[in-house]
Each structure stands twice: as structure tokens, then as C-alpha cells.
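Asker:
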Amino acid sequence: MNCDIRNTQSQIVRILGIGSREAKGESHKQRIVADVGWQNLEGFDLLGPDIAKPDRCREGNENDYEYIRVFHGVPKMGLELTEGVIPAETNLVPRGVSFTKGCYTGQELVARLDSRGNNVAKHLRKISSSGTCVVGSEITVEGKKVGVVTSAVPSGDGSIGLGYVSRSLEIPGIAEIDGFSASITSASD
């Protein structure tokens with residue numbers, strides 16, 4: 000078998016949101032198209048030389064991207080996905096964990112949690128606060144810490160965020176963050 004290896008420069012464009020399905024069908028030269036796979040959000044990545052955003056799409060910035068990511072409950076490496084977090088806490092098991100693949104690091108823990116109903120001590124949750132959320136702020140109920148904010152972005156007169164919250168807080172639930180009321184919901188809603 001012969002193989003040619005070439006060093007080529009490629010660009011990547013991520014298309015997210017309503018209408019992205021239609022934009023996906025537009026013509027792009029020499030492209031690789033990959034669905035984003037975020038829960039509750041349509042989108043795809045274009046990869047290849049000379050890739051440009053489809054005409055129908057508005058160009059966003061990092062703040063737009065973070066808002067969409069947080070709004071849709073998507074965990075980020077270094078914030079929600081850290082060394083001390085296991086997949087069952089992140090809501091990623093249904094979309095990102097294989098129970099049929101061969102061996103991988105952490106397989107025993109993941110399989111054990113799955114067989115026991117993914118009953119973990121904390122879960123990634125969406126936060127909607129009437130105040131400004133700050134990463135690292137405690138999430139409290141009646142003065143007792145039940146979680147911590149891991150991501151936060153401005154939204155209207157308050158903010159939205161993600162955080163790990165104790166399973167003891169019934170969802171949907173009400174908590175307090177830095178003196179402001181906060182609604183806590185499932186990150187997969």
C-alpha cells in the first residue's frame with residue numbers, strides 16, 4: 000500500500016444555532032463537515048483550505064460562543080471538565096461514553112457507575128441568576144454550600160452559568176449565589 004503524506008494548512012469554521020442545518024447544505028470546496036454534537040443545539044464544523052462562513056450566517060466572537068455554550072449546558076475543558084470530574088457528573092455519558100468499545104482508562108469506574116444508575120454526589124447544572132455570577136462563587140441553600148459556579152456569562156439583567164451542584168438539591172431548584180436568587184436546572188434541558 001502506498002500513501003502520500005502532505006502538510007496542508009486548513010481552517011475551521013464552527014456554525015451553531017437555528018438555521019445551521021440549511022447552511023450545512025451550502026457548497027464548500029474541499030471540506031470536511033462534522034456535526035458539533037452538542038445537546039439541544041444544531042451545528043457543525045467546516046474544515047479545509049479556504050473555508051469561509053456561509054453567507055446566511057452572522058460572524059460571532061468569543062463572548063457569543065461562550066454564551067451559546069453555557070446556555071446549552073456544554074461543559075468546557077479546564078472549567079467543567081477537570082481531573083477530578085467523572086463523566087457521569089457532566090451529562091456527557093449518553094453522547095460521549097461507549098460501553099461497547101474495548102479497554103480505556105477509567106472504564107471500570109464508568110461501567111460501575113452506569114450499572115448503579117449513575118448515582119453520583121454532584122451533577123453539572125445550569126444556573127440563572129438575578130445577579131452577576133462569578134466563577135468560583137458558592138451556590139448555597141439556606142446558608143449551606145451545595146455547589147460552585149464553574150462558568151458564567153452576562154444575560155439580560157443577571158447572568159447564566161454552569162456549576163456542579165449536590166444531588167441533594169431537587170431540580171428544578173432555587174439557591175443563592177453571592178446574595179442573589181438563582182434558579183438551578185438540569186444542564187441537559
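The sequence shown runs 0 to 188 under numbering that gives the first Met the number 0. Where is the CB? At the ideal position from N, CA and C, for every residue including glycine.
1) Using a 10 Å radius around the Cβ and a threshold of 16 neighbouring Cβ atoms, would you call C132 buried or exposed?
2) Could you round the C-beta distance between D44 and I11 to whole angstroms and report it? I think they count as a contact, below 8 Å.
3) In its own chain, which residues sit with a C-beta less than 8 Å from the C-beta of D188, not counting the 5 before and 5 after it?
4) Have a look at I138, K143 and K144 and flag the residue whose alpha-carbon is nearest the alpha-carbon of A151.
5) Name the residue from G47, V148 and G24 whose alpha carbon lies nearest to the alpha carbon of N6.
6) Please state if the CB of S180 and the CB of S129 are separated by a distance shorter than 8 Å.
7) In this structure, how does DSSP classify L78 when only helix, strand and coil are distinguished?
8) By a C-beta neighbour count over all protein chains shown, 10 Å radius and 16 as the cutoff for buried, is K183 buried or exposed?
9) Is S19 helix, strand or coil when you go by DSSP?
10) Do L80 and T89 have their C-beta atoms closer together than 8 Å?
11) When the distance is taken between beta carbons, is G162 closer than 8 Å to V148?
12) So is P171 buried or exposed if we call it buried at 16+ other beta carbons inside 10 Å?
13) Can you have a look at A174 and say buried or exposed, based on whether 16 or more other CB atoms are within 10 angstroms of its CB?
14) Is the beta carbon of G36 closer than 8 Å to that of R111?
15) Let me check understanding here. Comparing Cα to Cα, which of K121, P86 and V32 lies closest to T104?
Answerer: From the atom records:
1) buried
2) 6 Å
3) N39, G72 and K125
4) I138
5) G47
6) yes
7) coil
8) The sequence given here places Ile at residue 183; Lys does not occur at that position. By the 10 Å Cβ count, I183 comes out buried.
9) helix
10) yes
11) yes
12) exposed
13) buried
14) no
15) P86
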